[in-house]
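Visitor:
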Amino acid sequence: MQRRRTHEEGFTLLELMVVLVILGLLAATAAPQVMKYLGRAKTDAAALQVRGLGSSLDMYRLDVGGYPSQAEGLQALVQKPSGQTRWAGPYIAKKEMLVDPWGRSYQYRYPGERGEYELFTLGADNAVGGDGENRDVTSW
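Here the sequence shown stands for residues 2 to 141, numbered as in this note's numbering.
Spelled out as structure tokens, the structure:
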């Protein structure tokens, strides 16, 4: 038995175009909001990571008697510096934790100008200052 086709089956090209236009309008209005939340999420993640690395630096200091030198840097949290006898690390699980959400290494200064050490990232724009996703995330 053959089935007769009617004009009511499927979607017309016009109906598909209307749906695509509606989806495009929704995407155009929602995309900026989604990008804003994504940017804020990276900045919030960087702030948490800076705090966590700060705690790891404090544990290092308790074991070794001081913070890693400028030359040793944050690598001292992952790998024992040469000549260090009191190192009880690693103080972080993976060396990937030394990379900020934008794919750049966290910056470390010892001694710091604003505290015993300075730990920071310059945000999405990799420039001093900024707002939103571009703001600096610091330990001070």
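Beta carbons are placed, not taken as given, at the ideal position from N, Cα and C, and that holds for glycine.
Report the rounded CA-to-CA distance for Y68 versus Y109, giving the unit in angstroms.
Guide: By one-based count along the sequence shown, residue 68 stands at place 67. By one-based count along the sequence shown, residue 109 stands at place 108. About 11 Å.
Visitor: To the nearest angstrom, report how far apart G55 and L99 are at their CA atoms.
Guide: In the sequence shown, the residue the question calls residue 55 occupies position 54. In the sequence shown, the residue the question calls residue 99 occupies position 98. So the two alpha carbons sit approximately 11 Å from each other.
Visitor: Could you check what DSSP says for S174 in three-state terms: helix, strand or coil?
Guide: Nothing can be reported for residue 174: it is not among the residues displayed for the chain, which extend from 2 to 141.
Visitor: Starting from E119, follow its DSSP beta bridges and name the residues at the other end.
Guide: Within the sequence shown, numbered from 1, the residue matching residue 119 stands at position 118. Paired residues: R110.
Visitor: Can you give the Cα-Cα distance for G66 and L27, rounded to whole angstroms?
Guide: The residue given as residue 66 occupies position 65 in the sequence shown. The residue given as residue 27 occupies position 26 in the sequence shown. Each residue's Cα considered, the two are about 57 Å apart.
Visitor: Whose CA, out of R62, E10, G84 and P91, lies closest to the CA of Y118?
Guide: Taking the sequence shown and counting its residues from 1, one reaches residue 118 at position 117. Y118 has its Cα closest to that of R62, out of R62, E10, G84 and P91.
Visitor: Classify P102: buried if its beta carbon has 16 or more other beta carbons within 10 angstroms, exposed otherwise.
Guide: On the sequence shown, position 101 is the one that residue 102 refers to. Buried: at least 16 other Cβ atoms inside 10 Å.
Visitor: Taking a contact to mean a Cβ-Cβ separation below 8 Å, would you say G116 touches V138 in this structure?
Guide: Along the sequence shown, one-based indexing puts residue 116 at 115. Along the sequence shown, one-based indexing puts residue 138 at 137. The answer is no: Cβ separation not under 8 Å.
Visitor: Give me the Cα-Cα distance between T30 and E10, rounded to the nearest whole angstrom.
Guide: Reading the sequence shown from its first residue, position 29 is the one you call residue 30. Reading the sequence shown from its first residue, position 9 is the one you call residue 10. Approximately 32 Å between the Cα atoms of the pair.
Visitor: Just how far apart, CA to CA, sit S57 and G131?
Guide: In the sequence shown, the residue the question calls residue 57 occupies position 56. In the sequence shown, the residue the question calls residue 131 occupies position 130. Rounded to the nearest angstrom, the two C-alpha atoms are 27 Å apart.
Visitor: Rounded to whole angstroms, what's the CA-CA distance from T81 to R52? Just pull it up for me.
Guide: On the sequence shown, residue 81 is found 80 positions in, with the first residue counted as 1. On the sequence shown, residue 52 is found 51 positions in, with the first residue counted as 1. Here residue 81 is Lys; the residue named in the question, Thr, does not match the sequence. In a straight line, the C-alpha of K81 is about 22 Å away from that of R52.
Visitor: Alpha carbon to alpha carbon, how far is T122 from G25? Give it in angstroms, no decimals.
Guide: In the sequence shown, residue 25 corresponds to position 24, counting from 1. In the sequence shown, residue 122 corresponds to position 121, counting from 1. Taking the straight line joining both Cα atoms gives about 36 Å.
Visitor: If you check the beta carbons only, do R41 and E134 fall under 8 Å apart?
Guide: By one-based count along the sequence shown, residue 41 stands at place 40. By one-based count along the sequence shown, residue 134 stands at place 133. Against a cut-off of 8 Å, the Cβ pair of E134 and R41 comes out as a contact.
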